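Just so you know, the protein sequences line up as chains A and B, in that order. One rule links them: number in this note's numbering = place in the first sequence (from 1) + 9. One rule links them: number in this note's numbering = place in the second sequence (from 1) + 9. Note that the Cβ used here is the ideal one computed from N, Cα and C, for glycine as well. Here the structure is a predicted model, which is why all the values come from computation and not from measurement.
2 protein chains.
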Amino acid sequence: MKFKVQDKQNQLIENISKTTVQYDYMKLMIVRGSSYHKNFIINCERVLNVKIRNVKSSDFSVISPLINEWWGGRQMSDMLPKLFFVHFHDTSFIAEKDGVTVGFLVGFLSQSNSNVAYIHFVGVHPEYREHHVGKRLYNEFFNVVKKNNRNIVRAVTSPSNKVSIAYHTKMGFMIENGDKEVDGVSVFSDYDGINQDRVLFVKAID
Amino acid sequence: MKFKVQDKQNQLIENISKTTVQYDYMKLMIVRGSSYHKNFIINCERVLNVKIRNVKSSDFSVISPLINEWWGGRQMSDMLPKLFFVHFHDTSFIAEKDGVTVGFLVGFLSQSNSNVAYIHFVGVHPEYREHHVGKRLYNEFFNVVKKNNRNIVRAVTSPSNKVSIAYHTKMGFMIENGDKEVDGVSVFSDYDGINQDRVLFVKAID
Numbered sequence: 010m011k012f013k014v015q016d017k018q019n020q021l022i023e024n025i026s027k028t029t030v031q032y033d034y035m036k037l038m039i040v041r042g043s044s045y046h047k048n049f050i051i052n053c054e055r056v057l058n059v060k061i062r063n064v065k066s067s068d069f070s071v072i073s074p075l076i077n078e079w080w081g082g083r084q085m086s087d088m089l090p091k092l093f094f095v096h097f098h099d100t101s102f103i104a105e106k107d108g109v110t111v112g113f114l115v116g117f118l119s120q121s122n123s124n125v126a127y128i129h130f131v132g133v134h135p136e137y138r139e140h141h142v143g144k145r146l147y148n149e150f151f152n153v154v155k156k157n158n159r160n161i162v163r164a165v166t167s168p169s170n171k172v173s174i175a176y177h178t179k180m181g182f183m184i185e186n187g188d189k190e191v192d193g194v195s196v197f198s199d200y201d202g203i204n205q206d207r208v209l210f211v212k213a214i215d
Numbered sequence: 010m011k012f013k014v015q016d017k018q019n020q021l022i023e024n025i026s027k028t029t030v031q032y033d034y035m036k037l038m039i040v041r042g043s044s045y046h047k048n049f050i051i052n053c054e055r056v057l058n059v060k061i062r063n064v065k066s067s068d069f070s071v072i073s074p075l076i077n078e079w080w081g082g083r084q085m086s087d088m089l090p091k092l093f094f095v096h097f098h099d100t101s102f103i104a105e106k107d108g109v110t111v112g113f114l115v116g117f118l119s120q121s122n123s124n125v126a127y128i129h130f131v132g133v134h135p136e137y138r139e140h141h142v143g144k145r146l147y148n149e150f151f152n153v154v155k156k157n158n159r160n161i162v163r164a165v166t167s168p169s170n171k172v173s174i175a176y177h178t179k180m181g182f183m184i185e186n187g188d189k190e191v192d193g194v195s196v197f198s199d200y201d202g203i204n205q206d207r208v209l210f211v212k213a214i215d
């Protein structure tokens, strides 16, 4: 789909080809631009130049230090050891703008269940949230899942991570029925160890 | 291979069928029995009744609390989240004696490199070390690696884990050349994050 990006004086900035999803997002940006025209060009430029590619082992040393930073200082990087970058290239993605990392998704195809894929960890640069970087990363993952003839995607999060719960719900994930409720959300108690309750998500991929 | 277990009065305890590896170990136990006959029956009994099977998801809740205990109180269980028990059944094993867990090995087939398998985490009950539980777990893993037509096994450890370095070397793993040496061992600096140096092992499987 061809799409024309213009500034507020209707001057052409760029002619681009985009998918429907990206086109919908660009329309949204234009709507925003009409109200928030100061940010319009910046927002367009942010979206347009974000490129997504598969991770390489060497990306670990770039991404690992970013994790605690993006999570507001919480010690999260232990959850993502280098092994995921070494052994799961083909189902893990990095989003970059002008060579700067603005997001990543690390997932894999379940070895035990040949119909399932699992998203282990997703992060987006705080300044690039609301710019569909996460959505593009998830869609890349869904595409590779489909190519591998799998149609179930699973993910797990902590009940305290309300942003993740809202995001997965918006992305069409269902919440599996656990053994108790926390703030109206069904959770599996002690799922990831003692006092480590988890929300389990599942999504069927067409 | 048939093998006869006798007590010190040459009274038959059990006729058993064992693999060559297990037979070699039983011979060793008998040699030990001749010097340490008080322990002979106990040692035989320990070895004979250890069964190895693939892990199930539900084994996580048994194994996870054991890890910090077996590692002398070090906080190690975070390295082994439940996902490994859910998605890598077929390359992960548990050793049990009379239903009690005495060891485990968690590994997987590399998704990015179709010739490689990776051992992520191995633990043996402190009272069952020197009883070849580890060796049996590694051999189960090597067998499943071969069945999957792969011939390289990799593992990673911390330079401070001298027991692991000695054990992998004894099991025929080579140490890969890193960028510095720690106590005469080649290591990769900052491999698993800042100040997280690692020793990398590799073994070819025939």
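ask   = When you compare each of B:133, B:70, B:214 to residue 80 of chain B by their alpha carbons, which one comes out closest?
value = Residue 80 of chain B has its Cα closest to that of B:133, out of B:133, B:70, B:214.
Backbone CA spacing between residue 94 of chain B and residue 76 of chain B [nearest angstrom] = Taking the straight line joining both Cα atoms gives about 14 angstroms.
request  = Please name the residues in the segment 95–117 of chain B whose beta-carbon is closer than 8 angstroms to at least one beta-carbon of chain A, in chain order.
outcome  = Sequence-ordered contacts of the segment 95–117 of chain B with chain A read 95, 96, 97, 98, 99, 100, 117 [C-beta pairs closer than 8 angstroms].
message = Determine whether the beta carbon atoms of residue 211 of chain A and residue 190 of chain A lie at a separation below 7 angstroms.
response = In this structure, the beta-carbon distance from residue 211 of chain A to residue 190 of chain A does not fall below 7 angstroms.
query = So which of B:156, B:98, B:194 has the shortest CA-CA distance to residue 170 of chain B?
reply = Nearest option by C-alpha distance: B:194.
request  = Let me know the alpha helix (DSSP H) ranges lying completely inside the segment 57–109 of chain B, each 4 residues or longer, listed in chain order.
outcome  = The qualifying runs are 69–79, 92–96.
query = Of all the residues that make up the segment 72–83 of chain A, which are near chain B by a beta-carbon distance shorter than 8 angstroms?
reply = Per Cβ criterion, the list reads 73, 74.
Close-in-space but distant-in-sequence residues of the same chain around residue 135 of chain A (CB under 7 angstroms, 5 per side omitted) = For residue 135 of chain A, where only same-chain residues beyond five positions count, the Cβ hits under 7 angstroms are 79.
inquiry  = Does the beta-carbon of residue 105 of chain A, which I'm using as the reference point, lie nearer than 6 angstroms to any heavy atom of the ligand FAD?
reply    = With respect to small molecules bound, the structure shown includes none, and the ligand FAD cannot be examined in it.
request  = Taking residue 161 of chain A as the reference, give the member of A:208, A:86, A:119, A:174 with the closest Cα.
outcome  = Per the Cα distances, A:119.
key: Buried/exposed call for residue 139 of chain A, threshold 16 Cβ in 10 Å   = Exposed, because fewer than 16 other Cβ atoms sit within 10 Å of the Cβ of residue 139 of chain A.
Rounded Cβ spacing between residue 114 of chain B and residue 125 of chain B (contact assumed at less than 8 angstroms) = With 8 angstroms as the limit, residue 114 of chain B and residue 125 of chain B do not qualify as a contact, their Cβ atoms being about 16 angstroms apart.
request  = In angstroms with no decimal places, state the Cα-to-Cα distance between residue 203 of chain A and residue 69 of chain B.
outcome  = Each residue's Cα considered, the two are about 11 angstroms apart.
ask   = Between residue 87 of chain B and residue 86 of chain A, what straight-line distance do the alpha-carbon atoms span, to the nearest angstrom?
value = Computed Cα separation, rounded: 11 angstroms.
inquiry  = Taking 7 angstroms as the threshold (C-beta atoms), are residue 155 of chain A and residue 214 of chain A in contact?
reply    = Yes, they are a contact pair.
query = Just the Cα atoms here: how many angstroms apart are residue 43 of chain A and residue 146 of chain A?
reply = Residue confidence is low: residue 43 of chain A scores 48 on pLDDT, short of 50, so the model does not pin down where it sits. Its coordinate-derived value is still stated next. Distance between the alpha carbons of residue 43 of chain A and residue 146 of chain A is about 28 angstroms.
message = Buried or exposed for residue 163 of chain A, going by 16 or more other Cβ atoms inside 10 Å?
response = In summary, residue 163 of chain A is buried, with 16 or more beta-carbon neighbours lying within 10 Å of its beta-carbon over all protein chains present.
Between the CA atoms of residue 62 of chain B and residue 74 of chain B - distance to the nearest angstrom = Distance between the alpha carbons of residue 74 of chain B and residue 62 of chain B: 20 angstroms.
message = If the criterion is Cβ atoms closer than 7 angstroms, does the pair residue 201 of chain B and residue 168 of chain B meet it?
response = No, these two residues do not count as a Cβ contact at 7 angstroms.
task = Measure the CB-CB distance between residue 142 of chain B and residue 111 of chain B and report whether it falls below 7 angstroms.
result = The answer is yes: Cβ separation under 7 angstroms.
key: residue 175 of chain B, buried or exposed, once every other Cβ within 10 Å from all chains shown has been counted against 16   = With fewer than 16 Cβ atoms within 10 Å of its Cβ, residue 175 of chain B is classed as exposed.
Three-way DSSP call (helix, strand, coil) for residue 174 of chain A in this model = Residue 174 of chain A falls in the helix class under three-state DSSP.
inquiry  = Just list the residues that DSSP pairs residue 184 of chain B with in beta bridges.
reply    = Per DSSP, B:210.
task = Establish whether the CB of residue 192 of chain B and some CB of chain A are separated by less than 7 angstroms.
result = No, no contact with chain A.
ask   = Quick one: what's got a C-beta closer than 6 angstroms to residue 128 of chain A's C-beta in the same chain, skipping five residues either side?
value = So the list reads 116, 164, once near-sequence residues are dropped.
ask   = Thinking just about the alpha-carbon of each residue, which of B:97, B:58, B:197 is nearest to the one in residue 107 of chain B?
value = Minimum Cα distance to residue 107 of chain B is reached at B:58.
For residue 150 of chain A and residue 102 of chain A, the rounded distance between their alpha carbons = Whole-angstrom Cα-Cα distance: 8 angstroms.
CA nearest to the CA of residue 188 of chain B, picked from B:96, B:91, B:177, B:198 = Residue B:198 is the option with its Cα nearest to residue 188 of chain B.
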